[in-house]
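Please read the structure below before turning to the comments.
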Amino acid sequence: MLWPTSKRTIDLSAPVVMGILNVTPDSFSDGGQFADLDAALARAEEMIGEGAGIIDIGGESTRPGSARVEEQTEIDRVVPVMEAISSRFDIPISIDTSKSKVAEAALAAGAEIVNDISGLRFDERIAEVAAATNAGLVLMHSRGEFETMHSQPPVENIVAEVSNDFRRSIAIAEARGVTKDKVVLDIGIGFGKTVEQNLELLARLDILAGAFADHALLVGASRKSFIGKLLDGAPPDERLRGSLAAAVVAVMNGARIVRAHDVKATAEALKVTNAIISQS
Ligand code: 8Y4
């Protein structure tokens, strides 16, 4: 399986790790812009050495309780980082945003994939911006508006809902000029889902992989709260082993890309997983 972007074709025949690079301000840092940029570059280089195949960069936190960030603020945060990384390293960069203006600026600064956690529900023009440069487009499933997406009432059949919403997102993307081969789908672990629904989506991912065989699937379970809840309230820095279990199951059930904080551990676990799958 291959994923064409504006700059290259990404080989998805073996699992790919998408490393997470947050450029939201750190309340403990007072080093200013140069220190932030230097830290981002160092982390990007480290993740590349650890086996990342894509780096996902976001300037707006989507954690429960986070406020929306102004468009220009988000652009000012991500663009210098994208320019610095893309000029120094040959690695695909995705822009984690649900705003078309931010996506446009990021693509001009060296990004080649748009990762939209709203699946085109917040700003459909994201699709036009992606189409204009032949960028890759990740359409993630989520429920509710930005402020309420982590507190949605549970739905009766989560696999059916995700499947219906995927169809809707794909139709918008295609209507606005994105070709099918550019679109990767993501079940959106933790976005408006109960612990049980997150588990069900991972357990039944093979159904979605079969139903959407034209599209690669991406899964991001890394350090998410359902893992903390299953591990007796473990904090995010104690969720690595649980995150690896989720990543392995996701790939066993058809995921091609895994979004993760801990790139080295995830890449190793998925290398072994893929060797096993390839032998069957
Ligand atoms: C600790 C740290 C615990 C971060 C939770 C989190 C996804 C995504 C996010 C995903 C895609 C997050 C931007 C939430 N999750 N994009 N983005 N798929 N495609 N929370 O699952 O990492 S942000």
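Here numbering that gives the first Met the number 0 is used: the first residue of the sequence shown is 0, the next is one more, and so on. We treat Cβ as the ideally placed atom computed from N, Cα and C, and that holds for glycine. Everything numeric in this text was worked out from a predicted model, so none of it was measured.
Here's the rule I'm using: 16 or more other beta-carbon atoms within 10 Å means buried, otherwise exposed. How should residue i be labelled?
{"i": "Q280", "result": "In the structure as shown, the chain begins at 0 and stops at 279. Residue 280 is therefore absent and cannot be evaluated."}
{"i": "F33", "result": "exposed"}
{"i": "V271", "result": "exposed"}
{"i": "M148", "result": "buried"}
{"i": "M46", "result": "buried"}
{"i": "P14", "result": "buried"}
{"i": "A274", "result": "exposed"}
{"i": "R238", "result": "buried"}
{"i": "R142", "result": "buried"}
Would the beta-carbon of residue i fall within 8 Å of that of residue j?
{"i": "I276", "j": "L217", "result": "no"}
{"i": "H214", "j": "V182", "result": "yes"}
{"i": "L201", "j": "V250", "result": "no"}
{"i": "T4", "j": "A130", "result": "no"}
{"i": "L229", "j": "G241", "result": "yes"}
{"i": "I226", "j": "L207", "result": "no"}
{"i": "L20", "j": "A43", "result": "yes"}
{"i": "I54", "j": "I90", "result": "yes"}
{"i": "S224", "j": "G189", "result": "yes"}
{"i": "G64", "j": "V262", "result": "no"}
{"i": "V128", "j": "L106", "result": "yes"}
How big is the Cα-Cα spacing for residue i and residue j?
{"i": "V177", "j": "K100", "result": "17 Å"}
{"i": "A259", "j": "L243", "result": "9 Å"}
{"i": "R222", "j": "A246", "result": "11 Å"}
{"i": "V78", "j": "D122", "result": "20 Å"}
{"i": "D115", "j": "T23", "result": "17 Å"}
{"i": "A233", "j": "A210", "result": "35 Å"}
{"i": "V158", "j": "D205", "result": "11 Å"}
{"i": "G18", "j": "N156", "result": "31 Å"}
{"i": "L119", "j": "A174", "result": "12 Å"}
{"i": "D180", "j": "W2", "result": "7 Å"}
{"i": "G191", "j": "G57", "result": "20 Å"}
Is any non-hydrogen atom of the ligand 8Y4 found closer than 7 Å to the C-beta of residue i, if you look at the structure I gave you?
{"i": "G219", "result": "yes"}
{"i": "R67", "result": "no"}
{"i": "V137", "result": "yes"}
{"i": "G187", "result": "yes"}
{"i": "D95", "result": "yes"}
{"i": "R62", "result": "yes"}
{"i": "R258", "result": "yes"}
{"i": "I112", "result": "no"}
{"i": "I116", "result": "yes"}
{"i": "R222", "result": "yes"}
{"i": "P234", "result": "no"}
{"i": "G241", "result": "no"}
{"i": "G57", "result": "yes"}
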